[in-house]
Amino acid sequence: MSSSSPEGPDDHRPRFTASFEWLPTGLAVPALLGAVLLAYFVVPVAVFLLRMRAVDLVAGLTDPTIRDAIRTSLVTAPVSTTIATVFGVPLAYVLSRGSFRGKRLVEALVLLPLVVPPIVGGVMLLTIVGRYTPIGAAAVALGMPLTGSHAGVVLAQTFVAAPFLVVTARAGFDGVDPRLEEAARTMGYGPLRTIRLVSLPLARNAIAAGIVLTFVRAIGEFGATMMVAYSPRTMPVQIRVSFIARGIDAIVPIALALLAIAVIVVVAVQLLVGTPKQH
Numbered sequence: 280m281s282s283s284s285p286e287g288p289d290d291h292r293p294r295f296t297a298s299f300e301w302l303p304t305g306l307a308v309p310a311l312l313g314a315v316l317l318a319y320f321v322v323p324v325a326v327f328l329l330r331m332r333a334v335d336l337v338a339g340l341t342d343p344t345i346r347d348a349i350r351t352s353l354v355t356a357p358v359s360t361t362i363a364t365v366f367g368v369p370l371a372y373v374l375s376r377g378s379f380r381g382k383r384l385v386e387a388l389v390l391l392p393l394v395v396p397p398i399v400g401g402v403m404l405l406t407i408v409g410r411y412t413p414i415g416a417a418a419v420a421l422g423m424p425l426t427g428s429h430a431g432v433v434l435a436q437t438f439v440a441a442p443f444l445v446v447t448a449r450a451g452f453d454g455v456d457p458r459l460e461e462a463a464r465t466m467g468y469g470p471l472r473t474i475r476l477v478s479l480p481l482a483r484n485a486i487a488a489g490i491v492l493t494f495v496r497a498i499g500e501f502g503a504t505m506m507v508a509y510s511p512r513t514m515p516v517q518i519r520v521s522f523i524a525r526g527i528d529a530i531v532p533i534a535l536a537l538l539a540i541a542v543i544v545v546v547a548v549q550l551l552v553g554t555p556k557q558h
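The numbering used here runs 279 ahead of the 1-based position in the sequence shown.
In structure tokens form, the structure reads like this:
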């Protein structure tokens, strides 16, 4: 009866591919597998948002302890991100373009905070900046303690989050054709001017992605921050304290604030920088 079919042999294609006709050839199966993980990301967020209906968000967000935690995070995370950017982007460029003895060791050291549990990273920081260490004692004597302070929060956030910027920015610089930099130098550009006018603009999307990852990681940092600066409390630390004291409903307002800040930052960067274009 194949002669009665207007489609001919193509009718024997699996019918489930019809809904994936908008995908390039060969992406239907990967899309199905990826959809499982995406659902795992989305469902908890959706259920959490539905829980907001049973919580008085206004009363929660007007709680002085929650407002202080939000303020602390909004003050410290941008500082940590700025520090990571100022020092991390040059390091990323050196790792991308340089060839020197010990480079593998430097790369491993950059990745170390990513593989060490954050709470262990906080303990490591305490061995350097704790009140009874030479550096920590000197800071206390100057009236600028490095633990139990905003400075301690910044130190913890930077330690945990900065590697994201270095790794991502380096990938961006690796994607810049070195011949473009060589061409700029033949036109009389010095090394720093070449980086500023050629390398940085071409790697800007990757650098922006690194900044976003660093900021979001910093503002969500808990383990190292709890060890180095339990007070003043950041949003993640306050979430833990509120959950232990009053249960899950008590953390909905501040958790929603944390989620909203992360989403706003990501959307703002997408609008300002855009996404990489396919060629």
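The beta carbon of each residue, even a glycine, is placed where N, CA and C say it ideally should be.
Quantities reported herein were computed from a predicted structural model and do not represent experimental measurements.
Q) To which residues of the same chain is A536 closer than 6 Å at the C-beta, ignoring the five residues directly before and after it? A) Position 257 of the sequence shown, counted from the first residue, corresponds to residue 536. Excluding sequence neighbours, A536 sits near I349.
Q) Among V322, M506 and I490, which has the Cα closest to the Cα of S359? A) Stepping through the sequence shown from its first residue, residue 359 is reached at position 80. Checked all of V322, M506 and I490; the closest Cα to S359 is I490.
Q.
Less than 9 Å between the beta carbons of V507 and A435, yes or no?
A. Here residue 507 is taken as the residue at index 228 of the sequence shown, counted from 1. Here residue 435 is taken as the residue at index 156 of the sequence shown, counted from 1. Yes; because the gap between Cβ atoms is below 9 Å, this pair is in contact.
Q | Contacts around A529, its chain only, beta-carbon distance under 6 Å, and the 5 residues preceding and following it disregarded | A | For the purposes of this step, residue 529 is taken as the residue at position 250 of the sequence shown. Taken in chain order, the residues that qualify are S521.
(Q) Rounding to the nearest angstrom, what Cα-Cα distance links L340 and A318 in this structure? (A) Locating residue 340 in the sequence shown gives position 61, where the first residue counts as 1. Locating residue 318 in the sequence shown gives position 39, where the first residue counts as 1. About 29 Å.
(Q) Let me make sure I understand the geometry here. Which of F452, F366, A430 and G305 has the alpha-carbon closest to that of G377? (A) Along the sequence shown, one-based indexing puts residue 377 at 98. Answer by Cα proximity: F452.
Q: Run the CB neighbour count on F494, radius 10 Å, all protein chains shown included, and call it buried at 16 or more, exposed below.
A: By 1-based counting over the sequence shown, the position of residue 494 is 215. With 16 or more neighbouring CB atoms inside 10 Å of its own CB, F494 falls in the buried class.
Q: Consider the C-beta atom of G381 and the heavy atoms of the ligand GDP; say whether any pair is separated by less than 8 Å.
A: Although the ligand GDP was asked about, the structure shown includes no ligands whatsoever.
Q. How far does the alpha helix (DSSP H) with L425 in it reach, from first residue to last?
A. As a position in the sequence shown, residue 425 is number 146, starting the count at 1. Unbroken run through L425: none, as it is neither H nor E.
Q: Report the rounded CA-to-CA distance for V389 versus A371, giving the unit in angstroms.
A: The residue you call residue 389 lines up with position 110 of the sequence shown. The residue you call residue 371 lines up with position 92 of the sequence shown. Near 10 Å, if we compare the C-alpha coordinates of A371 and V389.
Q | Member of A356, R449, R332 and F501 whose CA lies at the smallest distance from the CA of V433 | A | Here residue 433 corresponds to residue number 154 of the sequence shown, with the count starting at 1. Of the candidates A356, R449, R332 and F501, the one whose C-alpha sits nearest the C-alpha of V433 is A356.
Q.
How far does the alpha helix (DSSP H) with F379 in it extend, from its first residue to its last?
A. The sequence position of residue 379 within the sequence shown is 100, counting from 1. Premise fails: F379 is in no alpha helix (DSSP H) and is neither H nor E.
(Q) Between R525 and chain C, is any beta-carbon pair separated by less than 9 Å? (A) Given the protein chain composition of this structure (a single chain), no chain C is represented.
**Q.** 6 Å Cβ shell around I362 - same chain, five flanking residues per side excluded
**A.** Position 83 of the sequence shown, counted from the first residue, corresponds to residue 362. Here the set comprises T437.
Q: For L492, count neighbouring C-beta atoms within 10 Å of its own C-beta (all shown protein chains included) and say buried if the count is 16 or more, exposed if not.
A: Locating residue 492 in the sequence shown gives position 213, where the first residue counts as 1. Buried, because 16 or more other Cβ atoms sit within 10 Å of the Cβ of L492.
Q) Between A482 and G454, is the Cβ-Cβ spacing less than 9 Å? A) Stepping through the sequence shown from its first residue, residue 482 is reached at position 203. Stepping through the sequence shown from its first residue, residue 454 is reached at position 175. With respect to G454, A482 sits close: the two C-beta atoms are nearer than 9 Å.
Q) Do you know how far the Cα of V477 is from the Cα of L459? A) In the sequence shown, the residue the question calls residue 459 occupies position 180. In the sequence shown, the residue the question calls residue 477 occupies position 198. Put simply, the backbone Cα of L459 is about 7 Å away from that of V477.
Q) Which value, in whole angstroms, describes the spacing of the CA atoms of V315 and I533? A) Counted from its first residue, the sequence shown places residue 315 at position 36. Counted from its first residue, the sequence shown places residue 533 at position 254. Roughly 28 Å separates the two Cα atoms.
Q. Who are the Cβ neighbours of S375 in its own chain at under 7 Å, not counting the five residues just before and after it?
A. Stepping through the sequence shown from its first residue, residue 375 is reached at position 96. In its chain, beyond the 5 residues on either side, R449, F452 and D453 have a beta carbon closer than 7 Å to the beta carbon of S375.
Q) Taking just the CA atoms, how far does R525 sit from T344? A) On the sequence shown, position 65 is the one that residue 344 refers to. On the sequence shown, position 246 is the one that residue 525 refers to. In a straight line, the C-alpha of T344 is about 14 Å away from that of R525.
Q | Beta-carbon spacing of S428, P511 below 9 Å | A | Stepping through the sequence shown from its first residue, residue 428 is reached at position 149. Stepping through the sequence shown from its first residue, residue 511 is reached at position 232. Contact flag set, yes.
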